[in-house]
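Asker:
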Amino acid sequence: MEVFELPLDACTHLTHRIKKICRDRGYDYRNYKAQVYRLLATDLGKVWTRRRSIFKVLRDYGVADQRSDSWHLRRSEMMTASEITKAFKTASPSARKELLMRKLDGPKTNDGGPITACLWGTQFEPIAKEIYGDIQGGAEIVDTTCVVHPVYPFLGASPDGIVLTRDKMDPRWGKLVEFKCPISRKFTQESPIPDGYYHQMQMQMECCNIDECDYVEMQFKTCGRTEWNATDSPYKGVLVVYDDGKIVYKPKEEDADEWKAKIEGDEHRVVWWYLGNIRIDNVPRDRRWLSDHIQEFRDFWEMVMVCRADPSKIENYIPPTAPPEPQSAPPLEACANPEPGNALSSGRTMKLLLGPEPSELTDLETPGSQSVHETPQTGHPQQ
Numbered sequence: 003m004e005v006f007e008l009p010l011d012a013c014t015h016l017t018h019r020i021k022k023i024c025r026d027r028g029y030d031y032r033n034y035k036a037q038v039y040r041l042l043a044t045d046l047g048k049v050w051t052r053r054r055s056i057f058k059v060l061r062d063y064g065v066a067d068q069r070s071d072s073w074h075l076r077r078s079e080m081m082t083a084s085e086i087t088k089a090f091k092t093a094s095p096s097a098r099k100e101l102l103m104r105k106l107d108g109p110k111t112n113d114g115g116p117i118t119a120c121l122w123g124t125q126f127e128p129i130a131k132e133i134y135g136d137i138q139g140g141a142e143i144v145d146t147t148c149v150v151h152p153v154y155p156f157l158g159a160s161p162d163g164i165v166l167t168r169d170k171m172d173p174r175w176g177k178l179v180e181f182k183c184p185i186s187r188k189f190t191q192e193s194p195i196p197d198g199y200y201h202q203m204q205m206q207m208e209c210c211n212i213d214e215c216d217y218v219e220m221q222f223k224t225c226g227r228t229e230w231n232a233t234d235s236p237y238k239g240v241l242v243v244y245d246d247g248k249i250v251y252k253p254k255e256e257d258a259d260e261w262k263a264k265i266e267g268d269e270h271r272v273v274w275w276y277l278g279n280i281r282i283d284n285v286p287r288d289r290r291w292l293s294d295h296i297q298e299f300r301d302f303w304e305m306v307m308v309c310r311a312d313p314s315k316i317e318n319y320i321p322p323t324a325p326p327e328p329q330s331a332p333p334l335e336a337c338a339n340p341e342p343g344n345a346l347s348s349g350r351t352m353k354l355l356l357g358p359e360p361s362e363l364t365d366l367e368t369p370g371s372q373s374v375h376e377t378p379q380t381g382h383p384q385q
């Protein structure tokens with residue numbers, strides 16, 4: 003319908019658009035408006051609504067700005083999606099104090115501490131995005147910077163990506179995606195989404211005003227050349243990590259040996275990898291989620307403001323002898339892999355298996371993470 007044929011940057015109110023079309027075309031306003039609002043209840047209306055929200059995000063916040071100095075500075079002035087569970091009243095005193103001190107101290111550069119899991123996720127995230135985009139039929143995964151909540155400026159989120167399918171009217175167009183590339187945490191397709199990740203995605207959807215987010219876990223295996231040659235995984239490749247942290251990836255179409263011969267310098271290590279497992283869960287936005295938690299977020303941010311004005315009051319809020327926070331196990335490993343380029347994730351979970359059978363996997367309990375959420379598509383209760 004003509005009313006939905008708007009450019010990506012169109013932010014004109016729908017009613018104004020309907021009136022203009024009726025004037026220009028001589029349509030009956032009441033009948034045409036009724037047709038438009040019937041279509042709004044379909045996938046067409048859903049995607050059109052997303053297009054307006056996505057344009058506002060990209061217009062106001064830009065793209066590909068994550069982990070820059072400005073990104074870290076912006077995040078220090080708000081509670082972000084990955085932090086909000088520490089603001090819950092049910093969080094441990096040590097977790098709440100850690101978040102409070104982070105907001106009081108401001109952004110910090112890497113201090114050289116243990117960052118194995120962070121480095122692992124950083125080096126495989128571009129690969130995960132490429133694989134997921136291939137599964138979504140060649141979709142582009144667009145990065146954006148930290149998005150501030152439109153109503154509560156002390157809340158923000160940095161989505162891992164926005165899915166832009168080739169067909170702009172595809173019902174998958176404009177949804178968010180959250181990637182997890184765990185080192186060792188194992189899971190099956192029936193494993194629940196960890197509680198913290200569920201809340202993280204809900205905050206992302208609230209800040210971006212998007213109605214769904216794909217939760218994507220990929221388990222990458224590193225191996226020797228012999229195992230790499232033998233694996234039948236549809237996704238495998240080579241990357242080089244230099245001593246200064248720079249990462250170079252082998253182009254998909256280039257021969258591994260020829261590419262490796264071009265690598266310059268001796269200060270690097272070669273990583274042969276393949277995709278062992280993957281799962282994709284579609285998580286809908288819970289419209290009650292923010293109203294259920296906003297008072298907790300307000301109270302915590304008020305505490306931050308009070309302690310910024312008078313640091314001596316920190317101990318009035320959080321005891322100095324707070325017990326240490328239990329160490330969480332690394333995220334789980336996935337176990338299903340769809341065929342490239344022809345599977346849809348919207349509304350369901352991928353089921354094709356790569357790697358060991360689920361019965362061979364060892365489920366690991368995550369200390370302090372007894373509360374979990376599972377998506378309605380898999381039939382599990384959602385808290």
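Okay, so the sequence shown: first residue is 3 according to my numbering, each after it adds one. Where a beta carbon is used, it is the ideal one built from N, C-alpha and C, also for glycine.
#1: Looking at C-alpha atoms only, which residue of E180, M103, R289 and D197 is the closest neighbour of R310?
#2: Any contact between the region 295-315 and the region 80-88? By contact I mean 3 or more CB pairs, one from each, below 8 Å.
#3: Count the other CB atoms within 10 Å of the CB of K22; is the residue buried (16 or more) or exposed (fewer)?
#4: Look at the Cβ atom of H201, then the Cβ atom of T87, and state whether they are nearer than 8 Å.
#5: Within a Cβ cutoff of 7 Å, which residues of the same chain sit near G135, ignoring the five residues on either side of it in sequence?
#6: Give the single residue among C183, V165 and D246 whose Cα lies nearest to the Cα of Y276.
#7: Could you tell me which uninterrupted alpha helix (DSSP H) segments, each at least 4 residues in length, are contained entirely in the region 215-265, listed from first to last along the chain?
#8: Are there three or more Cβ pairs, one per stretch, closer than 8 Å when the region 188-203 is compared with the region 234-243?
#9: Would you kindly check if the distance between the Cβ of V273 and the Cβ of T224 is under 8 Å?
#10: DSSP state of Y29, grouped into three classes?
#11: Let me make sure I understand the geometry here. Which of Y154, Y39, L42 and P194 has the alpha-carbon closest to that of Q297?
#12: Only counting runs of 4 or more residues, tell me where the alpha helix (DSSP H) segments fall wholly within the region 48-93, in order along the chain.
#13: Using DSSP's beta-bridge definition, name the partner residues of H15.
#14: So, with DSSP's three-state summary, where would you put M352?
#15: Determine whether the beta carbon atoms of V179 and D162 lie at a separation below 8 Å.
#16: Taking the alpha-carbon positions, what's the P333 to I20 distance?
#17: Alpha carbon to alpha carbon, how far is V150 from S160?
#18: Give me the Cβ distance between G176 and R53, rounded to the nearest whole Å; I'm assuming they're in contact under 8 Å.
#19: Which residue marks the beginning of the beta strand (DSSP E) containing R271, and which one marks its end?
#20: Taking the beta strand (DSSP E) that E100 falls in, what are its first and last residues?
Answerer: So, from the data block:
#1: Here residue 310 refers to the residue found at position 308 of the sequence shown. The shortest C-alpha separation from R310 is found at M103.
#2: yes
#3: Residue mapping note: residue 22 aligns to position 20 of the sequence shown, counting from 1. Exposed, by the Cβ-count rule.
#4: The sequence position of residue 201 within the sequence shown is 199, counting from 1. The sequence position of residue 87 within the sequence shown is 85, counting from 1. In this structure, T87 lies closer than 8 Å to H201 by Cβ.
#5: Mapped onto the sequence shown, residue 135 falls at position 133. Taken in chain order, the residues that qualify are A141, E142 and I143.
#6: Numbered from its first residue, the sequence shown carries residue 276 at position 274. Minimum Cα distance to Y276 is reached at C183.
#7: 227-232 and 258-264
#8: no
#9: Along the sequence shown, read from residue 1 onward, the residue named residue 224 stands at position 222. Along the sequence shown, read from residue 1 onward, the residue named residue 273 stands at position 271. In contact: T224 and V273 (Cβ atoms closer than 8 Å).
#10: The residue labelled residue 29 in the question sits at position 27 within the sequence shown. Residue state, collapsed to three classes: coil.
#11: By 1-based counting over the sequence shown, the position of residue 297 is 295. Comparing Cα positions, the closest option is Y154.
#12: 71-78
#13: Here residue 15 corresponds to residue number 13 of the sequence shown, with the count starting at 1. None, per the DSSP bridge assignment.
#14: Taking the first residue of the sequence shown as 1, we reach residue 352 at position 350. Any reading at M352 is ruled out, since the residue's pLDDT is 43, under 50, leaving its predicted position unreliable.
#15: Looking up residue 179 in the sequence shown gives position 177. Looking up residue 162 in the sequence shown gives position 160. Closer than 8 Å, so yes.
#16: For this step, residue 333 is matched to residue 331 along the sequence shown. For this step, residue 20 is matched to residue 18 along the sequence shown. Since pLDDT at P333 reaches only 41, below the 50 mark, its modelled position is unreliable, and the value read off the structure follows with that caveat. If I take the Cα positions, the gap works out to 48 Å.
#17: Reading the sequence shown from its first residue, position 148 is the one you call residue 150. Reading the sequence shown from its first residue, position 158 is the one you call residue 160. Approximately 9 Å between the Cα atoms of the pair.
#18: As a first step, residue 176 must be located in the sequence shown, where it is residue number 174. As a first step, residue 53 must be located in the sequence shown, where it is residue number 51. About 6 Å; that satisfies the 8 Å criterion.
#19: Position 269 of the sequence shown holds residue 271. Unbroken beta strand (DSSP E) run through R271: H270 to P286.
#20: Counted from its first residue, the sequence shown places residue 100 at position 98. Run containing E100: none in the beta strand (DSSP E); it sits in the alpha helix (DSSP H), P95 to D107.
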